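Asker:
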Amino acid sequence: MAVHRAFGYFFREAIVNLARSWKISAVAVSTIAVSLFIGGALLLLIGNLDRQVQEWRREAKVIVYLRPGVTPAAASGLQASLRQPRWVSGVASVSAEQARQRFERYFPSVAELVHGWGEEPLPASFEVAYDPERVEPRAFEAWVQSLRRAPQVGMVDDDRDWVSQLEGVLRVIGGIGLAVVVVLLVAAIFTIASVIRLTAYLYRDEIGVMRLVGATELFIRGPFYVEGLVQGILGGGIALLALYLGHLVMVPQVPRTWLAGVLTGSFLSLRDQLLIVTLGAAAGLVGAVASLRREAV
Amino acid sequence: MIHFYRVSKHYPGGQRALDEVTFQIERGEFAFLTGPSGAGKSTLLRLIFRQEIPTSGQILVNGRNVASLPRRKVPFLRRTMGVVFQDFRLIPRKTVFENVSYLPRVLGLDGQRQKRLAYETLRRVGLAHRMKAFPLELSGGEQQRVAIARALVNQPEILVADEPTGNLDPEMAREIFELFLEINRRGTTVLVATHDAHVIDRLDKRVLSLRAGRLQEDSSIPGATAARRMSGVIAAGARPLTPLPEAVGG
């Protein structure tokens, strides 16, 4: 049979089946839509957080705090040595006074903490910017360790440490999210399988007639496969639409805070949108194939 | 065309539906299959279109060994035959036209050919004017004619009917048998299971008579029909057949 004619027939029959048992089909579509909505929301959240973390990683610095009492000459010598490695793109000097002013600006509610000391309470430092593309991990690590041992240096903060920790947290959230989505999708597959098995049961007499006149199994099952596929695509599409509308409505309403900005940053990429619809379609098809695998029809 | 050689069918629990049944129906022949309820008529027909598989023996239908036919090839066997049932087995949610054009659609014919075939076949059974009706809007006789049209639409070589007039009044039953005769005159082999003795006598065709799963009479054996008519007692013995070779290809 010409493939296009067969698909045309499968599609028409699938639509008739969906229309005929629209209530139970709606349950299957809703289950898939809810699963993919939750999955999509997690994807959106993790995607935006990940973008921010990558931004931080690109902007990461090594902060070298000087010991109190380091002479200007020793500090200059250290600054000069900090420029040596090929990955260093710039060294900014922050005096103890500038450090205090910055603290007061960033944390005004606790600014008193740095007041009333006889001398500057915060140490002077060098902020070393580097190009992540040029970093050789082992050499970089050795360089950081050598800085920690330098006599002029009181402490070294490597931004990569907390960025890596944040990435670890993101991976855990992603893993949990993935597990939740898998469980929900499996539930959706079972729902679709049950719905299609029920539809096939409703049509069992017709299916018997089809077999008697010489229809192949593919011709008999094709409409059910397409039905599952359509349910999955509908579920994925509804989830995507709900996510988009939710994002659209939420963005202007969230307070202009840093975290809100991160979470509502940008909508899912086209690739992620296609992933959601494809997952829906796959869940629908798997449900249909699973429901008709045995002698269910 | 249809060749049974020592065919038995036993169901789980030991029930013997058919027991060592042997007969042969030639191309273009018209035969009745008769016998009391439970004699095995329906089982025998189901074996022909491979809804059942024999427990033992061999069945050849148009040169194919039906018993050993792979499952995926069964639809292709069924496309060479038309099957008609007592309860019509039409699809109620589809129109008469859609019921009849289902097989052409399965075969992938284009819309125009589907329409032409379905129309011509419906015209042949006198129902071209009811193409758009749904089965439940038709009388029993009309529904059976639609079922016959569906069975004929692919111009099958064999037509198998299981009690096709069981649900019809005598006048409608007569019309249906006239249709079968006409189909047979065009060259289709026809095998009809019925226990309507009046029709069997009137049409004077070959009769295969089953009782308790055994073939008790084959009227193609000279004198058998006369003996049955005269005495009302089923004559014993079946026409002897040449055994099939051991391996028959499907």
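Chains as they are written, first to last, in numbering that gives the first Met the number 0: chain A, 0 to 296; chain B, 0 to 249. Glycine included, every Cβ here is placed at the ideal spot set by N, Cα and C. Note that this is a predicted model, so its numbers are computed, not measured.
1) List the residues of chain B whose Cβ lies closer than 7 Å to the Cβ of residue 4 (chain A), in chain order.
2) Taking Cβ-Cβ distances shorter than 8 Å, what residues in chain B pair up with residue 8 (chain A)?
3) If I measure Cβ to Cβ from residue 38 (chain A) and keep anything under 6 Å in the same chain, skipping five residues before and after, which residues do I get?
4) On the premise that residue 103 (chain A) lies in contact with residue 110 (chain A), defined as a C-beta separation below 8 Å, what is that separation, rounded to the nearest angstrom?
5) Please identify, using Cβ separations under 9 Å, the residues of the region 66-92 of chain B that lie next to chain A, in order along the chain.
6) Residue 307 (chain A) and residue 276 (chain A): beta carbons closer than 9 Å?
7) For the alpha helix (DSSP H) containing residue 45 (chain A), list its first residue and its last residue.
8) Below 7 Å on C-beta distance, what does residue 205 (chain A) contact in chain B?
9) Quick one: Cα of residue 3 (chain A) to Cα of residue 161 (chain A), how far?
10) Do the region 60-68 of chain A and the region 115-127 of chain A touch if we need at least three Cβ pairs shorter than 8 Å?
11) Looking only at its own chain, which residues have a Cβ that is under 7 Å from the Cβ of residue 295 (chain A), when we skip the five neighbours before and after it?
12) Given a limit of 7 Å on CB to CB distance, which residues of the region 149-172 of chain B reach chain A?
13) Grab me the residues of residue 178 (chain B)'s own chain with a C-beta within less than 8 Å of its C-beta, minus the 5 sequence neighbours each way, in chain order.
14) Looking at chain B, is there any beta carbon in it that lies within less than 9 Å of the beta carbon of residue 226 (chain A)?
15) Which chain B residues are close to residue 214 (chain A), counting only those with a beta carbon under 7 Å from its beta carbon?
16) Just tell me which of A:66, A:86 and A:101 has its CA closest to the CA of residue 154 (chain A).
17) Any beta carbon from chain A within less than 9 Å of residue 133 (chain B)'s own beta carbon?
18) For residue 209 (chain A), which residues of its own chain have a beta-carbon under 8 Å away from its beta-carbon, when the five flanking residues on both sides are left out?
19) Quick check on the DSSP output: the beta strand (DSSP E) that includes residue 215 (chain B) runs from which residue to which?
20) Residues of the region 175-205 of chain A in Cβ contact with chain B at a cutoff of 7 Å, in chain order, please.
21) Whole-angstrom Cβ separation of residue 133 (chain A) and residue 85 (chain A), contact assumed at under 8 Å?
22) Can you give me the Cβ contacts of residue 286 (chain B) inside the same chain, cut-off strictly under 6 Å, excluding the 5 residues immediately before and after it?
23) Determine the chain A residues that contact residue 10 (chain B) at a beta-carbon separation under 9 Å, and present them in chain order.
24) Pull the bridge partners of residue 33 (chain B) from the DSSP assignment, please.
25) Step through the CB atoms of chain C and report whether any lies within less than 9 Å of the CB of residue 101 (chain B).
26) Within a Cβ cutoff of 7 Å, which residues of the same chain sit near residue 272 (chain A), ignoring the five residues on either side of it in sequence?
27) Would you mind giving the Cβ-Cβ distance between residue 80 (chain B) and residue 156 (chain B), rounded to the nearest angstrom? I have them listed as a contact below 8 Å.
28) Need the endpoints of the alpha helix (DSSP H) that residue 24 (chain B) sits in, please.
29) Quick check: residue 41 (chain A) and residue 167 (chain A), are their CB atoms within less than 9 Å of each other?
30) Less than 9 Å separating the beta-carbons of residue 159 (chain B) and residue 47 (chain B)?
31) For residue 13 (chain A), which three-state DSSP category applies?
32) Between the Cα of residue 170 (chain B) and the Cα atoms of B:182, B:181, B:184 and B:138, which residue gives the shortest distance?
33) Starting from residue 103 (chain A), follow the alpha helix (DSSP H) in both directions and report where the run begins and ends.
34) For residue 3 (chain B) and chain A, any beta-carbon pair shorter than 9 Å?
35) When the Cα atoms are used, what is the spatial distance from residue 226 (chain A) to residue 25 (chain A)?
36) Assuming residue 229 (chain A) contacts residue 13 (chain A) (C-beta within less than 8 Å), just tell me the rounded distance between them.
Answerer: Taking the structure as given:
1) Residue mapping note: residue 4 (chain A) aligns to position 5 of the first sequence, counting from 1. What residue 4 (chain A) touches in chain B: 107.
2) Along the first sequence, read from residue 1 onward, the residue named residue 8 (chain A) stands at position 9. In chain order: 104.
3) The residue you call residue 38 (chain A) lines up with position 39 of the first sequence. Same-chain partners within the cutoff: 180.
4) Along the first sequence, one-based indexing puts residue 110 (chain A) at 111. Along the first sequence, one-based indexing puts residue 103 (chain A) at 104. So it is a contact: roughly 4 Å between Cβ atoms.
5) 70, 71, 73, 74, 75, 76, 77, 78, 79, 80, 81, 82, 84, 88, 89, 90, 91 and 92
6) With chain A covering only 0 through 296, there is no way to say anything about residue 307 (chain A).
7) The count along the first sequence starts at 1 and reaches residue 45 (chain A) at position 46. Note, residue 45 (chain A): alpha helix (DSSP H), 21-58.
8) The residue labelled residue 205 (chain A) in the question sits at position 206 within the first sequence. Within 7 Å Cβ-Cβ: 90.
9) If you number the first sequence from 1, residue 3 (chain A) lands on position 4. If you number the first sequence from 1, residue 161 (chain A) lands on position 162. Approximately 56 Å, taken between the alpha carbons.
10) yes
11) Taking the first sequence and counting its residues from 1, one reaches residue 295 (chain A) at position 296. Unreliable positioning characterises residue 295 (chain A) in this predicted model, as indicated by a pLDDT of 45, which lies under 50. A coordinate reading is not provided.
12) 149
13) Here the question's residue 178 (chain B) lines up with position 179 in the second sequence. Hits under 8 Å: 124, 144 and 147.
14) Indexing the first sequence from 1 puts residue 226 (chain A) at position 227. Closer than 9 Å: no.
15) Locating residue 214 (chain A) in the first sequence gives position 215, counting from the first residue. Near residue 214 (chain A) (Cβ distances below 7 Å), the residues of chain B are 74 and 105.
16) Here residue 154 (chain A) corresponds to residue number 155 of the first sequence, with the count starting at 1. Comparing Cα positions, the closest option is A:66.
17) The residue given as residue 133 (chain B) occupies position 134 in the second sequence. For residue 133 (chain B), the answer is no, since every Cβ of chain A falls outside 9 Å of its Cβ.
18) Counting from one through the first sequence, the residue named residue 209 (chain A) turns up at place 210. The answer, listed in chain order, is 218 and 219.
19) In the second sequence, residue 215 (chain B) corresponds to position 216, counting from 1. First-last of the beta strand (DSSP E) with residue 215 (chain B): 213-217.
20) 205
21) Working through the first sequence from its first residue, we reach residue 133 (chain A) at position 134. Working through the first sequence from its first residue, we reach residue 85 (chain A) at position 86. Their Cβ separation, rounded to whole angstroms, is 6 Å, which keeps residue 133 (chain A) and residue 85 (chain A) in contact under 8 Å.
22) What is shown of chain B runs 0 to 249, which leaves residue 286 (chain B) out entirely.
23) In the second sequence, residue 10 (chain B) corresponds to position 11, counting from 1. None at all; the shortest Cβ gap to chain A is about 18 Å.
24) In the second sequence, the residue the question calls residue 33 (chain B) occupies position 34. For residue 33 (chain B), which the question treats as bridged, DSSP gives the partners B:208.
25) Among the protein chains in the structure shown, which are A and B, there is no chain C.
26) One-based indexing of the first sequence puts residue 272 (chain A) at position 273. Closer than 7 Å at Cβ, skipping near neighbours: 239.
27) One-based indexing of the second sequence puts residue 80 (chain B) at position 81. One-based indexing of the second sequence puts residue 156 (chain B) at position 157. Yes, residue 80 (chain B) and residue 156 (chain B) are in contact; Cβ-Cβ is about 7 Å, under 8 Å.
28) For the purposes of this step, residue 24 (chain B) is taken as the residue at position 25 of the second sequence. Per DSSP, residue 24 (chain B) belongs to no alpha helix (DSSP H); it is in the beta strand (DSSP E), 15-24.
29) Taking the first residue of the first sequence as position 1, residue 41 (chain A) is located at position 42. Taking the first residue of the first sequence as position 1, residue 167 (chain A) is located at position 168. Contact flag unset, no.
30) Here the question's residue 159 (chain B) lines up with position 160 in the second sequence. Here the question's residue 47 (chain B) lines up with position 48 in the second sequence. Yes, the Cβ-Cβ distance between residue 159 (chain B) and residue 47 (chain B) is below 9 Å.
31) Stepping through the first sequence from its first residue, residue 13 (chain A) is reached at position 14. Correct three-state label for residue 13 (chain A): helix.
32) If you number the second sequence from 1, residue 170 (chain B) lands on position 171. Closest option to residue 170 (chain B), Cα to Cα, is B:138.
33) Translated into positions along the first sequence, residue 103 (chain A) becomes position 104. From DSSP, the alpha helix (DSSP H) with residue 103 (chain A) extends over 95-105.
34) Position 4 of the second sequence holds residue 3 (chain B). With 9 Å as the cut-off, residue 3 (chain B) does not count as an interface residue toward chain A.
35) Against the first sequence, residue 226 (chain A) aligns to sequence position 227. Against the first sequence, residue 25 (chain A) aligns to sequence position 26. Distance between the alpha carbons of residue 226 (chain A) and residue 25 (chain A) is about 12 Å.
36) Taking the first residue of the first sequence as position 1, residue 229 (chain A) is located at position 230. Taking the first residue of the first sequence as position 1, residue 13 (chain A) is located at position 14. Contact flag correct, Cβ pair sits at about 6 Å.
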